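Below is one structure, written out as structure tokens, with a few remarks after it.
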Amino acid sequence: MEPATTYLALNKNRSWLMGTLAVLTIVFFLLNMLLGSVLIPVKSIFEILAGKEPEIPAWSAIVLHTRLPMAVTAALTGAALGICGLMMQTLFRNPLAGPSVLGVSSGASLGVAVVMMFISLPGGTLVAVSQVTGNISVVAAAFAGAFSVLLIIALLAARFSSNTLILIVGIMIAYAVNALVGILQFYSLKEDLQAFVIWGLGSFGNISLAQLRVFVPLVLIGLALSSLMIKPLNILLLGEHYAKNLGLNTRSAQILVILLTGFLIALITAYCGPIAFLGLAVPHLARILFQSSDHRIVFPATILTGALLALVCNIIARLPGFDSALPINAVTSLIGAPVVIWLILKRNSFKSLV
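Taking this note's numbering as reference, the numbering of the sequence shown is continuous, increasing by one, and the terminal residue is 357.
Given below as structure tokens:
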């Protein structure tokens with residue numbers, strides 16, 4: 004009876020914790036629309052969201068066209084990158100695996116670098132492009148670069164059965180692509196280089212309200228498809244040999260995980276730039292909080308933890324009193340780096356979790 008009682012108590016605690024994370028995510032979502040260089044009353048926030056006119060008309064534009072898209076983008080980005088990190092850490096059985104290890108985000112950076120620096124226009128490519136097409140060209144270039152690398156990785160995954168080989172090849176591709184980006188930077192104009200550096204710092208504020216109609220459904224589709232991998236991921240935790248004995252087609256599962264993570268990484272990088280550390284740190288935080296490696300528990304926990312952490316980082320980046328926002332990568336790295344350092348120091352305790 005004692006083990007059963009302990010199990011029920013643990014599940015009850017996890018339910019309370021999941022509910023607490025959900026409530027905190029909603030609270031920080033609202034705080035993202037409340038806080039900034041212009042403080043807007045909570046009552047006015049709800050009036051604007053309900054379609055009513057606030058006492059100051061400018062507040063409506065601030066909330067609907069700046070803060071709401073930014074908050075939605077932050078929450079979905081944190082959730083998506085967390086799931087990418089979770090799936091890759093399980094697939095490669097490596098606690099330090101993250102969204103950047105396969106080189107997909109590096110491929111997106113190369114695509115953007117080609118548009119911003121190689122196809123050079125007077126006054127800076129980003130400025131010239133934005134005058135004509137907004138950031139459509141930048142997003143398209145990021146997608147093209149990311150999916151080019153993803154196609155190479157998928158072809159290699161179909162050929163090699165070893166996850167370690169795929170991981171090593173992905174890291175090498177990332178190094179090679181980053182080298183090409185470095186060459187483009189060396190020969191670029193000062194204005195183009197500055198535009199690319201700013202893009203590389205990452206931002207949740209690049210997506211307009213109209214672009215959310217594309218971004219939100221695509222991220223939700225990616226997350227929904229990823230949820231179908233919960234059972235295969237749990238089986239993969241037992242090891243490849245046991246997974247095959249249980250009837251899992253490990254090759255198909257491997258390719259599906261790579262394609263799903265690649266799609267989400269490409270999408271996030273295209274719209275937000277390369278976002279650091281969230282994909283690496285969030286899955287570990289979820290495992291620690293819920294004391295479990297069961298993906299039926301860790302998967303939703305990772306979504307909520309990722310969304311909450313991204314929203315917190317976005318608030319810190321836009322602390323009231325500052326006219327401009329800090330680079331989001333600076334904030335995520337300051338939070339994520341201590342988590343990774345702690346993980347390395349305590350790595351032996353994670354052998355059963357990853």
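Virtual Cβ for every residue (Gly too), placed ideally from N, Cα, C.
Keep in mind the model is a prediction, meaning the values are calculated, not measured.
For my contact list, MET36 and LEU79 are in at a C-beta cut-off of 8 Å; report their separation, rounded to the angstrom. Here MET36 is actually not in contact with LEU79; their C-beta atoms are around 15 Å apart, not less than 8 Å.
Euclidean distance between Cα positions of VAL130 and PHE150: Unreliable positioning characterises VAL130 in this predicted model, as indicated by a pLDDT of 42, which lies under 50. The coordinate reading is nonetheless provided below. Going from the Cα of VAL130 to the Cα of PHE150 covers about 25 Å.
To the nearest angstrom, how far is it from the Cα of ALA161 to the Cα of LYS193? For ALA161 and LYS193, the distance between alpha carbons rounds to 42 Å.
Could you give the distance in angstroms between the alpha-carbon of ALA227 and the alpha-carbon of TYR190? Distance between the alpha carbons of ALA227 and TYR190: 42 Å.
So for ILE48, helix, strand or coil by DSSP? In the structure shown, ILE48 falls within a helical segment according to DSSP collapsed to helix, strand and coil.
Relative to the alpha-carbon of ILE344, which residue among LEU67, PRO44, HIS287 has its alpha-carbon at the smallest distance? Ranking the options by Cα distance to ILE344, first place goes to HIS287.
How is ASP297 classed by DSSP in three states: helix, strand or coil? In the structure shown, ASP297 sits in coil (DSSP, three-state: anything other than H, G, I, E or B).
Does the region 45-60 touch the region 237-244, meaning 3 or more C-beta pairs lie closer than 8 Å? No: the two stretches stay apart, fewer than three of their Cβ pairs being nearer than 8 Å.
Tell me the start and end of each unbroken beta strand (DSSP E) in the region 78-115 that is at least 3 residues and wholly inside, in chain order. As for any beta strand (DSSP E) of minimum length 3 sitting wholly inside the region 78-115, there is none.
8 Å is my cut-off, CB to CB: does ILE224 come that close to chain B? In the displayed structure, chain B is absent; only one protein chain is listed.
Of all the alpha helix (DSSP H) runs that stay within the bounds of the region 212-250, which reach a length of 4 or more residues? The qualifying runs are 215-230, 233-239, 243-248.
Terminal residues of the continuous alpha helix (DSSP H) containing GLU194? GLU194: member of the alpha helix (DSSP H) spanning 193-203, first to last residue.
In this structure, how does DSSP classify ARG17 when only helix, strand and coil are distinguished? Helix at ARG17.
Classification of PRO277 by the beta-carbon crowding that lies within 10 angstroms, buried from 16 upward: Buried: at least 16 other Cβ atoms inside 10 Å.
Taking C-alpha atoms, which residue in ILE176, GLY173, GLN197, ALA145 lies nearest to LEU270? Nearest neighbour of LEU270 by Cα position, chosen from ILE176, GLY173, GLN197, ALA145, turns out to be ALA145.
With distances taken Cα to Cα, identify the nearest neighbour of TYR274 among ALA64, VAL66, VAL219. Nearest option by C-alpha distance: VAL219.
Write down the C-beta distance between LEU1 and ALA61 rounded to the nearest angstrom, noting that I regard them as a contact closer than 8 Å. The structure shown has nothing for residue 1, since the chain only spans 4 to 357.
Just the Cα atoms here: how many angstroms apart are LEU283 and ALA256? Between LEU283 and ALA256, the C-alpha separation is close to 21 Å.
Tell me the rounded alpha-carbon separation between ILE261 and ASP297. Linking ILE261 to ASP297 through their CA atoms gives a straight-line distance of about 20 Å.
Answer yes or no: do ILE169 and LEU159 have a C-beta to C-beta separation smaller than 8 Å? Closer than 8 Å, so yes.
With a threshold of 16 other CB atoms inside 10 Å of the CB of GLY114, please say whether the residue is buried or exposed. Within a 10 Å sphere around the beta-carbon of GLY114 sit 16 or more other beta-carbons, which makes this residue buried.
What does the Cβ neighbour count give for THR216, buried or exposed, with the cut at 16 atoms within 10 Å? With the sequence shown as reference, residue 216 is identified as Arg, and Thr is not the correct amino acid for it. The residue is exposed, with fewer than 16 neighbouring Cβ atoms inside 10 Å.
Can you tell me whether DSSP reads TYR190 as helix, strand or coil? In the three-state DSSP reduction, TYR190 falls in the coil class, being neither helix nor strand.
Secondary structure at ILE29, three-state DSSP: helix, strand or coil? In the structure shown, ILE29 falls within a helical segment according to DSSP collapsed to helix, strand and coil.
Let me confirm a value: ASN14 is counted as buried when at least 16 other C-beta atoms fall within 10 Å, else exposed. Which label applies? By the C-beta density criterion, ASN14 is exposed, having fewer than 16 other C-beta atoms within 10 angstroms.
In terms of residues, what are the limits of the alpha helix (DSSP H) holding ARG162? First-last of the alpha helix (DSSP H) with ARG162: 139-162.
Identify which residue in LEU221, LEU153, LEU329 has its Cα closest to the Cα of THR39. According to the sequence as given, residue 39 is Gly; it is not Thr. Comparing Cα-Cα distances from GLY39 to each of LEU221, LEU153, LEU329, the minimum goes to LEU329.
Which of helix, strand or coil DSSP assigns to ARG254: DSSP places ARG254 in helix when its eight states are reduced to three.
CB-CB under 7 Å to LEU154, same chain, minus the five flanking residues each way: which ones, in chain order? There are no such residues.
If we ignore side chains and look at the alpha-carbon of each, how far apart do MET120 and GLN188 end up? Rounded to whole angstroms, the gap between the alpha carbons of MET120 and GLN188 is 7 Å.
Nearest CA to the CA of ILE331: which residue from ASN97, VAL66, VAL200, GLN214? Minimum Cα distance to ILE331 is reached at VAL200.
Could you spell out the range, first to last residue, of the alpha helix (DSSP H) harbouring ILE59? Segment: none, ILE59 is in no alpha helix (DSSP H) and carries neither H nor E.
Would you call the CB atoms of PHE280 and SER336 closer than 8 Å? Going by C-beta atoms, PHE280 is nearer than 8 Å to SER336.
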